[in-house]
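Residue numbers (the working numbering), protein chains in the order written: chain S, 213 to 745; chain Z, 47 to 419.
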């Protein structure tokens with residue numbers, strides 16, 4: 213009660229809040245909007261760096277033979293590309309969106325733990341600085357794949373592996389703190405009347421994601437610590453000669469790794485649900501089933517890890533268990549796709565850039581999901597495993613999946629954040645070039661994979677040449693078209709171009725961020741909790 | 047039917063319709079040459095068609111809505127947003143499809159795990175970056191190394207048809223015989239994959255995995271390592287040569303004789319040692335230490351001007367024989383014959399401006415090796 217009294221007096225207090233000026237604003241800030249912006253910019257930077265690494269990979273693979281880089285550097289590129297994109301682009305982007313949106317969506321003035329929020333962001337530039345610095349070390353950067361299987365990543369690793377381990381530790385600390393913050397915020401800071409089953413889906417999916425993060429990031433920290441011990445302190449966790457087991461590494465890694473996959477897609481489900489509903493001008497179909505489906509996916513994600521390891525020689529019973537549990541994931545995932553399609557059905561649709569990306573998400577993520585179902589069939593996986601078919605599969609769920617959802621989210625909420633509309637024509641160009649580029653890049657990978665091309669090779673047999681050339685062209689189209697996005701964001705925010713956004717921005721969006729706040733949102737919001745019916 | 051389906055799909059996707067062109071490009075999983083590989087191919091096609099059917103249904107409804115339920119056509123939004131019945135239907139239906147799919151998959155998997163009653167046992171050992179095949183019931187044991195010349199990889203010479211998929215000595219197996227593979231590794235994890243046999247198993251240091259195949263038709267079947275194993279991962283192909291049982295018997299006898307002969311220690315001149323040494327070096331050492339001996343520091347030290355190559359010859363030979371613990375330098379005592387080791391040591395001491403002028407004789411290497419035992 214007394215709190216309410218204080219906040220009502222706030223306007224009279226001559227405490228006109230605005231951000232500090234200059235670099236210190238960003239260093240010291242505890243404002244969820246500032247921190248969200250920094251996360252998003254870090255993600256954008258990582259996306260461009262990781263994209264350049266993809267360019268190196270695709271340029272080398274444009275035709276058979278070794279043209280540009282030696283195999284060792286090629287392996288460094290595939291490794292760093294994976295690490296940077298997973299830990300530097302996709303995850304921070306979602307944390308950035310969570311920072312911006314969760315308080316606005318639940319009617320909270322800020323995140324519950326603002327200083328921890330600041331710290332969890334500022335750890336990241338150092339973590340990635342350390343990781344990138346390995347490229348300039350003697351012996352080069354990590355070259356053992358983003359999955360860093362022992363003993364290639366222990367006894368046979370370049371010296372820079374130690375820096376890689378510390379950098380993973382720092383990222384893990386950052387992620388866990390971010391997740392704790394999300395959970396505490398959602399549990400304690402909801403506006404009166406905002407019950408759990410009234411929470412917007414983005415909040416729900418992030419809540420579940422945050423629990424996944426807390427559960428598995430320590431497992432990742434554990435596995436890299438075991439590596440550290442093996443490398444420097446003479447233990448033999450992953451060395452059979454000393455009584456250890458290289459396969460133990462894979463079990464522990466994928467116990468982290470599979471939930472990690474869902475960490476990168478669950479928030480996307482939330483985003484897409486909002487966008488499809490808004491542009492179909494129809495409430496989301498099956499809100500409750502969406503919540504349950506997301507929860508089931510999260511729970512299932514803990515018992516499917518060995519489907520990444522069908523060929524390591526696990527016993528038949530284990531193989532069957534992991535095949536069945538993996539196939540089960542198709543059920544809640546299917547429910548989500550059906551709900552989205554039904555939301556569109558008999559709607560009144562328009563196709564602004566966020567909606568285009570959202571529709572592409574549903575189509576292309578479903579293709580990635582279906583190839584995932586194929587991969588779940590263990591006997592067939594013996595032929596798919598570690599080929600380009602797998603590369604095609606996980607890029608379909610991560611690029612037109614996770615990444616498209618992030619792009620859609622930025623287009624969708626940017627007018628609310630900065631008060632100006634992005635340029636729709638540029639947005640459409642960005643979408644169509646990305647859509648064509650992404651399919652040109654990743655669809656033919658299914659074919660070369662089925663035809664027998666292993667992943668992570670710097671050079672390939674001649675029968676794969678034509679498709680690889682197409683893939684490389686597609687990759688450059690896709691990569692370069694992201695510059696349109698960067699320009700569009702720049703001109704809308706710093707360039708101050710584009711028409712002023714209305715408070716609602718879109719025709720009939722639902723949610724507190726649209727209905728209870730002006731555009732652009734002020735630096736401080738919801739100092740008095742809004743009314744939720 | 048299968049071919050037509052696949053190429054129709056790709057024709058759609060790639061806006062072209064030439065069927066024969068795609069056949070050359072390789073679009074689909076091979077049917078292979080074993081019963082298991084046929085079963086796996088069939089499973090793959092069934093699940094593929096199920097996925098296509100689901101995709102057509104889902105995307106069909108979506109496309110319909112996109113065309114007819116758009117605002118620009120004056121569509122009014124309905125307001126329905128819940129139906130427990132519908133949710134139950136689309137939870138249960140996929141579940142039934144999945145169960146139907148799981149049954150044949152389970153049967154095939156049980157088949158694949160039936161390692162009993164093998165007539166031939168072959169141990170497959172992964173090395174960075176070559177394969178070793180040991181026929182457990184015969185005196186046959188050899189390494190199989192990529193035979194594509196470096197010039198083709200470096201785009202100096204024209205690439206031949208089997209670029210990167212050819213080896214010096216293929217794994218020879220009889221047809222219509224159950225062959226059991228026992229897979230392990232000397233260093234990091236590799237994975238032995240031959241698509242036509244539908245066999246892909248990781249080779250794990252310190253552990254032995256099992257798999258098997260009965261090959262139906264004679265022929266050459268090519269595969270590759272499919273687990274990232276370091277810089278040479280793309281350069282350790284597999285070639286299986288399937289022959290009739292009679293041919294196989296002849297081959298085994300010949301191999302046993304040849305391999306016994308190769309173990310004899312001959313005297314070799316300096317020039318012979320250098321010539322053989324260069325060959326041994328390119329196939330076994332150049333991937334890390336580089337063709338010109340410059341290495342890739344600090345992981346793979348340079349041999350040009352190195353303290354070992356220019357120091358005590360005994361230490362040099364021992365390094366090659368025993369390798370160096372805790373590094374990527376493996377022990378070559380079992381991998382190379384004594385004359386190969388003598389040749390490569392001699393070569394390393396006298397190539398790229400190294401000018402020791404001395405040489406190791408095969409006899410001397412054998413002496414050092416025997417003393418260790």
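The beta carbon of each residue, even a glycine, is placed where N, CA and C say it ideally should be.
{"Asked": "Starting from residue 739/S, find everything on chain Z with Cβ-Cβ shorter than 7 Å and list it in chain order.", "Found": "Within chain Z, no residue comes near residue 739/S; the closest Cβ sits about 33 Å away, beyond 7 Å."}
{"Asked": "Might you give, ordered along the chain, the residues of its own chain that have their beta carbon closer than 8 Å to the beta carbon of residue 147/Z, omitting 5 neighbours on each side?", "Found": "92, 93 and 96"}
{"Asked": "Residues of chain S with CB under 7 Å from residue 152/Z, in chain order?", "Found": "532"}
{"Asked": "Starting from residue 342/Z, follow its DSSP beta bridges and name the residues at the other end.", "Found": "346/Z"}
{"Asked": "Between the alpha carbons of residue 403/S and residue 726/S, how many angstroms are there, rounded?", "Found": "15 Å"}
{"Asked": "Have a look at residue 251/Z and residue 180/Z and give me their C-alpha separation to the nearest angstrom.", "Found": "16 Å"}
{"Asked": "Can you tell me whether residue 283/Z is helix, strand or coil according to DSSP?", "Found": "coil"}
{"Asked": "Would you decide whether residue 344/Z is buried or exposed? Buried here means 16 or more other CB atoms lie within 10 Å of its CB.", "Found": "exposed"}
{"Asked": "Tell me whether residue 125/Z is buried or exposed, calling it buried when 16 or more other Cβ atoms sit within 10 Å of its Cβ.", "Found": "exposed"}
{"Asked": "Return the chain-ordered ranges of every beta strand (DSSP E) run that is complete within the segment 227-286 of chain Z and spans a minimum of 3 residues.", "Found": "236-240, 245-249, 255-260 and 265-271"}
{"Asked": "Considering Cα atoms alone, identify which of 263/S, 239/S, 238/S and 242/S is closest to residue 615/S.", "Found": "263/S"}
{"Asked": "Return the first residue and the last residue of the beta strand (DSSP E) that residue 172/Z is part of.", "Found": "166-173"}
{"Asked": "Would you mind giving the Cβ-Cβ distance between residue 757/S and residue 551/S, rounded to the nearest angstrom? I have them listed as a contact below 8 Å.", "Found": "Any answer about residue 757/S is impossible in this case: the structure gives chain S only from 213 up to 745."}
{"Asked": "Quick one: measure Cβ to Cβ for residue 716/S and residue 742/S, integer angstroms, because I've assumed they're closer than 8 Å.", "Found": "That pair is no contact at about 15 Å."}
{"Asked": "In this structure, does DSSP put residue 436/S in helix, strand or coil?", "Found": "helix"}
{"Asked": "Determine whether the Cβ of residue 136/Z lies closer than 8 Å to any Cβ atom of chain S.", "Found": "yes"}
{"Asked": "Counting only Cβ-Cβ distances shorter than 7 Å, please list the residues of the segment 241-256 of chain Z near chain S, keeping chain order.", "Found": "241, 244, 246, 247, 248, 250, 251, 252, 253 and 255"}
{"Asked": "Who are the Cβ neighbours of residue 66/Z in its own chain at under 8 Å, not counting the five residues just before and after it?", "Found": "Residue confidence is low: residue 66/Z scores 40 on pLDDT, short of 50, so the model does not pin down where it sits. No coordinate-derived value is stated."}
{"Asked": "Per DSSP, residue 187/Z forms a beta bridge with which residues?", "Found": "180/Z"}
{"Asked": "Just list the residues that DSSP pairs residue 218/Z with in beta bridges.", "Found": "287/Z"}
{"Asked": "By the DSSP assignment, the alpha helix (DSSP H) with residue 75/Z in it spans what residues?", "Found": "Looking at the DSSP string, residue 75/Z is not in any alpha helix (DSSP H), and its letter there is neither H nor E."}
{"Asked": "By the 10 Å Cβ neighbour count, where 16 or more other Cβ atoms means buried, how is residue 102/Z classified, buried or exposed?", "Found": "exposed"}
{"Asked": "Would you verify that the beta carbon of residue 69/Z is, or is not, closer than 8 Å to some beta carbon of chain S?", "Found": "At residue 69/Z the pLDDT is 41, less than 50, meaning the model places this residue with poor confidence; the figure from the coordinates comes in the next sentence. Chain S, which has no Cβ nearer than 8 Å to the Cβ of residue 69/Z, makes this no."}
{"Asked": "Excluding the 5 residues preceding and the 5 following residue 375/S in the sequence, name in chain order all residues of the same chain whose CB lies nearer than 6 Å to its CB.", "Found": "342 and 346"}
{"Asked": "Among all the DSSP beta bridges, which residues are the ones paired with residue 666/S?", "Found": "599/S"}
{"Asked": "Sort 384/Z, 247/Z, 194/Z and 330/Z by Cα distance to residue 314/Z and report the nearest one.", "Found": "384/Z"}
{"Asked": "Can you have a look at residue 237/S and say buried or exposed, based on whether 16 or more other CB atoms are within 10 angstroms of its CB?", "Found": "exposed"}
{"Asked": "Kindly say whether residue 469/S, judged by its beta-carbon, lies nearer than 8 Å to any beta-carbon of chain Z.", "Found": "no"}
{"Asked": "Going by DSSP, which residues form a beta bridge with residue 365/Z?", "Found": "In DSSP, residue 365/Z forms no bridge with anything."}
{"Asked": "If we ignore side chains and look at the alpha-carbon of each, how far apart do residue 703/S and residue 304/S end up?", "Found": "23 Å"}
{"Asked": "Do you know whose CA, among 621/S, 554/S and 352/S, lies nearest residue 493/S's CA?", "Found": "554/S"}
{"Asked": "Does the Cβ of residue 481/S have 16 or more other Cβ atoms within 10 Å, making it buried, or fewer, making it exposed?", "Found": "buried"}
{"Asked": "Cβ of residue 672/S less than 8 Å from any chain Z Cβ?", "Found": "yes"}
{"Asked": "Using 7 Å as the cut-off, classify the Cβ of residue 79/Z as near or not near the heavy atoms of the ligand FMN, replying yes or no.", "Found": "Questions concerning the ligand FMN fall outside what the structure shown contains, since it holds no ligand whatsoever."}
{"Asked": "Thinking C-beta only, is residue 604/S closer than 8 Å to residue 522/S?", "Found": "no"}
{"Asked": "Residues bridged to residue 320/Z by DSSP?", "Found": "Its beta-bridge partners do not exist; DSSP assigns none."}
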